[in-house]
Each structure stands twice: as structure tokens, then as C-alpha cells.
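Each residue of the sequence shown is one higher than the last, beginning at 1372 in the numbering used here.
In this text, a Cβ means the ideal position worked out from N, Cα and C, and glycines have one as well.
Some notes on the structure that comes next.
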Amino acid sequence: MDAIADAGSGVKAGRREWIGLAVLALPTLLLALDSSVLYLALPQLSADLDAGSTQLLWITDIYGFLIAGCLVTMGTLGDRIGRRRLLMIGAGLFALASVAAAYSTGPEMLIATRALMGITGATLMPSTLALLSNMFRDPKQMGTAIAVWMSCFMGGMAIGPVVGGVLLENFWWGSVFLLSVPVMGLLLLAGPRLLPEYRDPNAGKVDVLSVIMSLATILPLIYGLKELAKSGVQVTSLVAIAVGVVVGLLFVRRQRTLEHPLLDLRLFGNRSFSAALIIMVFGGVMSGTFLLINLYLQTVEGLSPLRAGLWLVPGTVATVIGLQVAPIIARKVRPAYTIAGGLLVMAIGYALVTQVDNSTGIGLLVAGIYVSALGAGPMAGLGTGLIMASAPPEKAGSAASLSETGGELGIALGIAAIGSVGTAVYGAQISDAIPAGVPAQAAATASESIASAVHVAADLPGATGAGLLAAAREAFTSALNSGAAVSAGLAVLLAVLAAVALRHVNPSGDHGHGGGAEESGEAAAAAGPESEPTPPAVQVTTG
């Protein structure tokens, strides 16, 4: 049956929508699992497929690159052809690509199938988030639903190392890719029965040039930022970032001239949307500290990748707790202050990490991880909720894709920025602490990274190697402290921004006075007199 749903409807969701939420959580859980189990399988697949180091990098990186690059296109495509339809198409193709990846006969085939998984994976997150925001229009229910949705993603990250370890202990490396087949099969069976269809009947055709330009903006930016963190300031990374910025400016200019743009820039005319998106992007920057934390656990504490991952599980649990508690608090307290409070808690957690040294052991580090992750919950859950609630239902796909793309850019920027801080501090510290007797070439190699220092120290005799290793570990601990200090400072700045920029948004318990509802006309006004106002309706198909 077809009907027209009022964009401002606050009608409460029923049992069907809550069961549908469980269906929408499936691909979210799966994507998190896929991100965390592949790294465990790298040694086996490398030996089996005879993959070189460059090929291994492409196997791991191309998936994330293409997900990030295709999010904007897929989110907008869902607005046009239907979010449920796009989700079903993406789920089916993702499952097929996963099977092909599992039975790859060479590294080239695995790279190609991982690329297809990235393209189809980009359909899943914006489609599920957009459907969720359309299904749960009541502010309280939307907050709870988003918290559940994000908790499933975090849960997948937590159990990924365990599930991957069990599979690799009993089966071949390809088994980690087959996890998606039953999950996507269940989604394909249950989705059409439980999920309504939403689309914008006035969306127009997709502008192919805009699609190409969006890819040419995001892919070079992500690549350049990651290369900047990996190899330092190089011509390649700087050129890639410059290309992304220039094409991005041209992309924005083109969107302003199109009657039916790929990305509706009027969304940014809503204060709640813009402020929440900025907070989410720069909140993602702080995740760069966890790159240093992971390296610290493996190189300074000497843990295996699996054990290091398990030490991070308490942080994941803390984020889930923060996600679940935040919507409850936001019913009585303005989201601005709830998010700001969470960010200040994050700052306290990172401040604890700045105090880690060789005498504190893992305990203080884990405490800092737990506290910072607990504070991240309100920012992630309520920030996403504000982005989605501020967008009209017919633009939910675009809003969801911007939220996800912003997160990807924030993480990439964090890896580059905080990784660079860590590299600079480590290099400065180790250069003055290398013990006498270490050969010049070995000293130069050890100064590049903590991983290089561990490798070099293992090849040096007795006390010389031990002295170099101790100096490298102390230098990297200082690098970790510095990266955490940057994150703590950023968290405080974002807390101030949240308290000021989002103070107009009422608690979710105040019906009819949410920030998004108050500003629904503001975005259209910001678009200027030449733009037609967005129609306040979205076509809904149930059954």
C-alpha cells in the first residue's frame, strides 16, 4: 500500500518497527565484524595466496577507501530509488562478493572482491540509518533506536577478534568472509516483510558527473591523510590531499547550480545539523589516539594482536553503556549539555592516559580507555540523532551518508594528525636516548618507528639490544602521552562548541520543540530565493 507520511510526524513506532530495528542491526554488526577479523586472517591468507606486502595493503585498505568514497552517492541513491530496495540490492551483492573473496585463488582476485565489498558495503550503513530515522519519528524512540543500532556496531567490534580467532583455529582464512552469507540471507528474507520502503518522489535523476566528483574528492583525501600518517610528509600525500580539496570545491560549486543535486547543501543551513556534524567529524579525530594505544600494547607491553584487542574490549563495553544511557539523560537534559558532559568525561579519560609510564602498567591505560570510551557514547549517539532529526525524512539518506562520511574523514584526519604528533615526539625522544654501541644504521632505523626499533633490537647482541628496546619503549610512551594530551584538549574544545552551538535544542522529552523542528524552515531560507523549498513529504510503501 502507498501512502504519504508527514515529515514532521511524531507518531510512536510499534512492534513491527522494533522488530525491524533488529533486522537493521544485522548489517551493522556484520560490517563491524568484517573490519576486525580480517587483520587476524592476514598471516594465513598471505601465505596461502603468496601475497606481497603491497598486495596485503591493498587487500586491507581498498575496502575502507571505497566505502568512504561511495557513501555520499549511495545515501543519495537510496533517497531516489528507495532505501529498502538499495539495502536489499547491497546486501545480496555484498554476500556474493564475500563468497568470491572467501574462495579467491590469488591476491588480485581478493583485491577485486574486497573492492566490490567496499562498494556494496557503502549501501548498508546509510540505508539502515536512514530507514531507522524514518521508522522512529518520536524523539525518545529515535534516540533509543540509534543507541541500539550503534551499540550493535560496537558489539561487533568487540566480539570480532574472538569470532575471528575461533574461525581461524578451526577453518581456513576464507571462513571469515563467509560470516556475511547467513546474516545477509536473513536480511534478504526478513527485510521486505518488516521494513517499509521510503523514497523521495521528487528527487530527480542522479547526476553522474557529481558522482565522479564526489569520488574524486573523498578517495584522494582519505588516501592522502592515511599516507601522511604512514610515511610522513611526502609529495604523493600532499598532492592527493590537494586534489581532493580542489575537486571538493568544484563539487560544492556544481551542487549549487543543479536543480536536483547529488548532495543537498541546504541541509547545512540547519544549525543543529551543521554543529552536530562538525562535532562528529572532529570527535572522530580523537580516535587517532587508539592507533597509538594499540601500538603501545603490542610493542611496549609486548602483547599479541589478539591479546591487545581483548584489552580494548572494556572500552567498547563502556561506549555501549554511554550510548544506552545518553538518550535517557537527554530526555531531561538538553543534548548540548549531555554531549558536552560526555566530551569532558572523554577529556578526563585521555588525561589519565597522559600519566601512563613504565611504572603504571596496563591498569591505568585501561582505566583511561574505559573513561574516554564511556564519554564517547553521548557524542556518537546523540550527535547522530541530531543529524538525522534535523534532516527532513526525504533527505534522510543524504544526511546518513554525510554522518558516515564525516566519521570516516574524522578518523583518517585523526590517524594523520595524532599519528604525526606521536611520530614527532617519538623521533625527538629516541634520538637523544639511543645507547652507545648501537650501529648508526640500526639507530637510524630504530628512530623511524617503535615497530622498527623492536625489530632492530632483536638483532642486536644482549645488553645493546635491551638498552635500545628500553629507550624505544620509553620514547613511545612519551609519544602516547602527547597524543592523549592532544585528544584531551580537543575534547574540551568540542565540549565548549557543543554547549554553545546546540544550546537551542530542547530535551527529547519536550515534544514539538526539538531543534530540528524549530529550524525546518531555516535550511530552506539559507538556500536562497533561487531554490525551491524541499517538499514536506516522503513516499512510503509498506508490505
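- At least 7 Å separates the beta-carbon of M1525 from that of A1462.
- Take R1705, set aside five residues on each side of it, and the residues of its chain with a beta-carbon closer than 8 Å to its own are L1873, R1874, V1876, N1877, P1878, in chain order.
- I1789 is a Cβ neighbour of V1857, given a cutoff of 7 Å.
- Around the CB of D1803, fewer than 16 other CB atoms lie within 10 Å, so the residue is classed as exposed.
- In this model, V1792 and S1602 are separated by some 13 Å (Cα to Cα).
- For R1570, the enclosing beta strand (DSSP E) covers residues 1568-1570.
- Under the Cβ criterion (8 Å, minimum of three pairs), the stretch 1833-1842 does not count as touching the stretch 1677-1693.
- With contacts defined by Cβ atoms closer than 7 Å, L1457 and G1449 form a contacting pair.
- A contact between stretches requires three or more CB pairs, one per stretch, nearer than 8 Å, and the stretch 1404-1416 meets this requirement with the stretch 1525-1540.
- The Cβ neighbour count for L1609, taken over all protein chains shown within 10 Å, is under 16; the residue is labelled exposed.
- The stretch 1591-1661 contains no complete beta strand (DSSP E) run of 3 or more residues.
- For Y1474, the secondary structure class from DSSP, reduced to helix, strand or coil, is coil.
- Using a Cβ distance threshold of 7 Å, A1767 and S1504 count as a contacting pair.
- Note on V1604: under 16 other CB atoms within 10 angstroms of its CB, so exposed under the neighbour-count rule.
- Put simply, of S1522, L1566, G1748 the residue whose alpha carbon is nearest the alpha carbon of G1385 is L1566.
- A distance below 7 Å between beta-carbons, with the five flanking residues on each side excluded, links L1427 to the following residues of its chain, in chain order: L1413, S1417.
- The beta carbon of V1394 sits closer than 7 Å to those of L1558, A1561, G1562, L1565, L1566, all from its chain and outside the five residues before and after it, given in chain order.
- Contact annotation, P1510 with A1842: C-beta distance approximately 55 Å; criterion of less than 8 Å not satisfied.
- When G1833, G1754, L1780, D1728 are compared, the shortest CA-CA separation from S1853 is found for D1728.
- For the options M1750, K1383, A1787, the alpha carbon positioned closest to that of S1774 is the one of M1750.
- A direct Cα-Cα distance of roughly 12 Å separates T1431 from A1422.
- The residues M1651, G1655, in chain order, have a CB closer than 7 Å to that of G1778 in the same chain once the five nearest residues on each side in sequence are set aside.
- In the structure shown, P1706 falls within a helical segment according to DSSP collapsed to helix, strand and coil.
- Sequence-distant Cβ neighbours of L1677 in its own chain, meaning closer than 8 Å and more than five residues away, are L1411, P1532, G1536.
- Between A1829 and G1752, the C-beta spacing is not below 7 Å.
- Runs of beta strand (DSSP E) with 3 or more residues, each lying fully within the stretch 1787-1852, are absent.
- A distance below 6 Å between beta-carbons, with the five flanking residues on each side excluded, links A1862 to the following residues of its chain, in chain order: L1714, M1717, A1718.
- Boundaries for N1877: no alpha helix (DSSP H) harbours it, and the DSSP string shows neither H nor E there.
- In this structure, L1757 lies away from G1739, with their beta-carbon atoms at least 7 Å apart.
- Around T1725, the same chain offers N1852, A1855, A1856 as residues with beta carbons nearer than 6 Å, after the five sequence neighbours per side are excluded.
- Put simply, the backbone Cα of L1590 is about 10 Å away from that of I1433.
- Cβ contact annotation for A1869 (same chain, cutoff 6 Å, sequence separation greater than five): I1650, A1707, I1710, A1711, in chain order.
- Short of 7 Å from the beta carbon of T1484, and not among the five residues preceding or following it, lie these beta carbons of its own chain, in chain order: A1468, A1471, A1472, S1475.
- Contact check for A1647 and G1514: beta-carbon distance about 13 Å, past the 8 Å limit, so the pair fails to qualify.
- By the neighbour-count criterion, in which a residue is buried when 16 or more other Cβ atoms sit within 10 angstroms of its Cβ, G1734 is exposed.
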